[in-house]
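Notes follow the structure.
Protein chains: 2
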Amino acid sequence: MRDLDVTFAALADPTRRAILARLAKGEASVMELAQPFVMSQPAISKHLKVLERAGLISCGRDAQRRPRRLETRPLRDANRWLENYRQFWDAQFRRLDDLLQDLQTGNPMIKKNKIKKKKSARLKGDQE
Amino acid sequence: MRDLDVTFAALADPTRRAILARLAKGEASVMELAQPFVMSQPAISKHLKVLERAGLISCGRDAQRRPRRLETRPLRDANRWLENYRQFWDAQFRRLDDLLQDLQTGNPMIKKNKIKKKKSARLKGDQE
DNA sequence: CATATATATAACCTAATAGTAATATAACAA
DNA sequence: TTGTTATATTACTATTAGGTTATATATATG
């Protein structure tokens, strides 16, 4: 899905995630959003344009101000995508999987980190 | 969090998301992963390196093959981050105040000490 | 040994990102 | 009007991303 490209790309920047976190408290002007950061105002405006293009914020108007507010549909969509993988990190699922394997083999010991292995291939763990 | 940068950036590419979807069915070699795509094998290897650097996959060895498998901890972490915003797209309302602290800590781009500019000073005039 | 297969690496190109400073625009205020 | 504030836009630069082709490396096999 093309939208996920833009959404995840927008979320990949800490400044933009901080902006979203700020907007979670309520709408804010560009100056208010820029205040915590060391970068210039045009840089913030650029980040806001990225967030806007991703549909993560929308823009209002109040005199000279253009208050932004959070729009959460892209967040919900990203969350839905991630939910497809929930079974892989869900601890309960993993414990259940181990329990089933133990029942099959008659092994009373609970093994940790038993995820579907295949053939004789060894898998090295992730680095960090 | 720096990890979220790399995770979201890795997820922002449709080829990489497709690779993860394939690996959700079980581990696969580079050739198997490359097969559905029109791009060259080195391009796939590059994508795999991105995914590996993000901790989203790990690498095993089986003769000449280097089967990749899904690693879901970054997905879980990304999901946790998104969960902070769940209330915005959920019907049910939850108090948000406790979350805000977590959302805004650990960001390297945030100023340590906010210095207020004098009201008579031109915004553009003085720079740090 | 020579060769085929699977994957990685190097060198290169192009386009996009993320920042800057300077300037433009638009609304308010005196 | 003049000036100030808030924001956007332009022009520029450096870095990174994503692709290519060509080549290197590692392993299996005849």
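As given, the protein sequences belong to chains U and H, one line each in that order. Start counting the first sequence at 83; every next residue gets the next number (my numbering). Start counting the second sequence at 83; every next residue gets the next number (my numbering). C-beta atoms are modelled at their ideal positions from N, C-alpha and C, and glycine is treated no differently. Treat the numbers as computed from the prediction; the structure is a model and nothing was measured.
Counting only Cβ pairs nearer than 8 Å, list the residues of chain U close to Thr154 (chain H). Here residue 154 (chain H) refers to the residue found at position 72 of the second sequence. Simply Tyr167, Phe170, Trp171.
Is the shortest distance between the beta-carbon of Arg158 (chain H) and the beta-carbons of chain U less than 8 Å? To locate residue 158 (chain H), count along the second sequence from 1; it is residue 76. It does: the Cβ of Arg158 (chain H) has a partner Cβ on chain U nearer than 8 Å.
Could you tell me the distance, in whole angstroms, from the CA atom of Ala91 (chain H) to the CA atom of Lys131 (chain H)? Residue numbering aside, residue 91 (chain H) sits at position 9 when the second sequence is read from its first letter. Residue numbering aside, residue 131 (chain H) sits at position 49 when the second sequence is read from its first letter. So the two alpha carbons sit approximately 13 Å from each other.
Next on the checklist: Along the segment 91-104 of chain U, where does the CB come closer than 9 Å to a CB of chain H? Name the residues.
Outcome noted: Ala91, Ala92, Leu93, Ala94, Asp95, Pro96, Thr97, Arg99, Ala100, Leu102, Ala103, Arg104
*For Leu86 (chain H), go through chain U and note every residue whose CB falls closer than 9 Å to its CB, in chain order.*
Walking along the second sequence from the start, residue 86 (chain H) turns up at place 4. Chain U residues near Leu86 (chain H): Leu93, Ala94, Pro96, Arg99.
Do you know whose CA, among H:Ala145, H:Ile139, H:Gln169, lies nearest Glu109 (chain H)'s CA?
In the second sequence, counting from the first residue as 1, residue 109 (chain H) sits at position 27. It is H:Ile139.
Excluding five sequence neighbours on each side, which residues of the same chain lie with their C-beta closer than 8 Å to the C-beta of Arg155 (chain H)?
Translated into the one-based positions of the second sequence, residue 155 (chain H) becomes position 73. Same-chain partners within the cutoff: Gly137.
*asked:* Using C-beta distances below 8 Å, list every residue in its chain close to Leu86 (chain H), excluding the 5 sequence neighbours before and after it, in chain order.
replied: Reading the second sequence from its first residue, position 4 is the one you call residue 86 (chain H). Excluding positions up to five away in sequence, the list reads Asp159, Ala160, Trp163.
### Query
Where Gln169 (chain H) and Arg84 (chain H) are concerned, what is the direct C-alpha to C-alpha distance, given to the nearest angstrom?
Walking along the second sequence from the start, residue 169 (chain H) turns up at place 87. Walking along the second sequence from the start, residue 84 (chain H) turns up at place 2. Rounded to whole angstroms, Gln169 (chain H) to Arg84 (chain H) spans 24 Å at the Cα level.
*For Arg150 (chain U) and Leu93 (chain U), believed in contact at Cβ under 8 Å, the rounded distance*: Reading the first sequence from its first residue, position 11 is the one you call residue 93 (chain U). Reading the first sequence from its first residue, position 68 is the one you call residue 150 (chain U). With 8 Å as the limit, Leu93 (chain U) and Arg150 (chain U) do not qualify as a contact, their Cβ atoms being about 16 Å apart.
- Taking DSSP as the reference, what is the three-state secondary structure of Arg99 (chain H)? Sequence index remark: in the second sequence, residue 99 (chain H) carries index 17 (1-based). Three-state result, Arg99 (chain H): helix.
Q. Between which two residues does the alpha helix (DSSP H) containing Arg158 (chain H) stretch?
A. Position 76 of the second sequence, counted from the first residue, corresponds to residue 158 (chain H). Element bounds for Arg158 (chain H): 155-165.
Using a Cβ cut-off of 8 Å (strictly closer), state whether Val125 (chain U) contacts chain H. Here residue 125 (chain U) refers to the residue found at position 43 of the first sequence. With the sequence shown as reference, residue 125 (chain U) is identified as Ala, and Val is not the correct amino acid for it. Chain H contact via Cβ: absent.
Could you give the distance in angstroms between the alpha-carbon of Tyr167 (chain H) and the alpha-carbon of Pro96 (chain H)? For the purposes of this step, residue 167 (chain H) is taken as residue 85 along the second sequence, with counting starting at 1. For the purposes of this step, residue 96 (chain H) is taken as residue 14 along the second sequence, with counting starting at 1. About 24 Å.
In the DSSP assignment, find the alpha helix (DSSP H) that holds Leu130 (chain H) and state where it starts and stops. Walking along the second sequence from the start, residue 130 (chain H) turns up at place 48. Element bounds for Leu130 (chain H): 123-135.
Exercise for the section: Under 7 Å Cβ to Cβ from Glu153 (chain U), same chain only, skipping five residues before and after it: list those, please. Expected result: For the purposes of this step, residue 153 (chain U) is taken as the residue at position 71 of the first sequence. Once the five neighbours on either side are set aside, the close Cβ partners of Glu153 (chain U) are Gly137, Leu138, Ile139, Ser140.
Q. Can you tell me where the alpha helix (DSSP H) with Leu93 (chain H) in it begins and where it stops?
A. Stepping through the second sequence from its first residue, residue 93 (chain H) is reached at position 11. It spans 84-93 - the alpha helix (DSSP H) in which Leu93 (chain H) sits, taken as one unbroken run.
For the ligand HEM, is there any heavy atom lying closer than 7 Å to the beta carbon of Ala100 (chain U)?
In the structure shown, the ligand HEM is absent, as is every other ligand, since no ligand is present at all.
*Per DSSP, what kind of secondary structure is Arg148 (chain H) in: helix, strand or coil?*
Reading the second sequence from its first residue, position 66 is the one you call residue 148 (chain H). Coil, per DSSP.
Proximity winner among U:Leu157, U:Val112, U:Leu105, relative to Arg143 (chain U) (alpha-carbon distances):
In the first sequence, counting from the first residue as 1, residue 143 (chain U) sits at position 61. Here the closest residue by C-alpha is U:Val112.
query: Going along the chain, which residues of the segment 133-147 of chain U sit with their C-beta nearer than 8 Å to a C-beta in chain H?
result: none
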